[in-house]
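Mapped onto my numbering, the consecutive letters of the sequence shown carry residue numbers 2 to 186.
Don't be surprised by glycine CBs; every beta carbon is placed ideally from N, CA and C.
Note that this is a predicted model, so its numbers are computed, not measured.
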Amino acid sequence: MGALVYSAICSLDGYIADAAGRFDWAAPDEEVHRFVNDLERPVGTHLYGRRMYEVMRAWEPPATFADESPVTRDFAAIWQAADKVVYSRTVESVSTARTRLERTFEPDAVRALKAGTDRDLTIGGAELAGQALAAGLVDECHLMLNPIVVGGGTPALPDGVHVELELLAERRFGNGVVYLRYRTR
């Protein structure tokens, strides 16, 4: 059975995007990017909300990354090799390979997806992850805290959801980013 992991790159004050919707401050350096690649390598399926899918689909065209660094090309290959499920009522169709569209987030369907695989799944997008946390579906939270306070924006974690966590791992990076890995209880 695969675990469902919520991964987020966020500011120290807990936002994945600032009040203007920007997240350029969250771009990982090579050390962090290599670490993220290793976290993503065993993932078999990514679950995305519309906005996260729109950001991540930039990793699809293989030729786009031909002149990029080895770590960037590695991430593109990892992302392209995984299955993707996009949850959206407004997206008309998906434009990436290995991707299917679902109109609604159904907790029982996600439970079945987890039970039917031996590879981990990730869930991306704060709103969708909030629904999964509220439904008790998330097994782990992986947070990359960036050394910046943005003062508001899109929160990484939802209001009104109570989840107890157990710290499993932590790591500090040279650029001040801190990785925290939690298991839900």
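Ranking P29, T46, D68, M145 by CA distance to the CA of Y16 puts M145 first. Between A136 and D121, the alpha-carbon positions lie close to 18 Å from each other. Where V179 is concerned, the enclosing beta strand (DSSP E) starts and stops at 179-185.
Proximity to A21 across D160, R172, T155, G45 peaks at T155, based on C-alpha coordinates. Per DSSP, the continuous beta strand (DSSP E) segment holding G154 begins and ends at 154-156.
D121: member of the beta strand (DSSP E) spanning 121-125, first to last residue. Looking at A59, W60, E128, the one whose alpha-carbon comes closest to that of Y49 is E128. C-alpha of N38 to C-alpha of D75: approximately 7 Å in a straight line. Shortest Cα-Cα distance from M2 to any of T46, S89, L181 involves T46. Note on geometry: alpha-carbon atoms of H163 and Y183 lie some 14 Å from one another. Less than 8 Å separates the beta-carbon of N147 from that of C11. Annotation for T91: R51 place their beta carbon closer than 7 Å to its own, counting only its chain and skipping 5 residues before and after.
In the structure shown, V95 adopts coil according to DSSP, grouped into three states.
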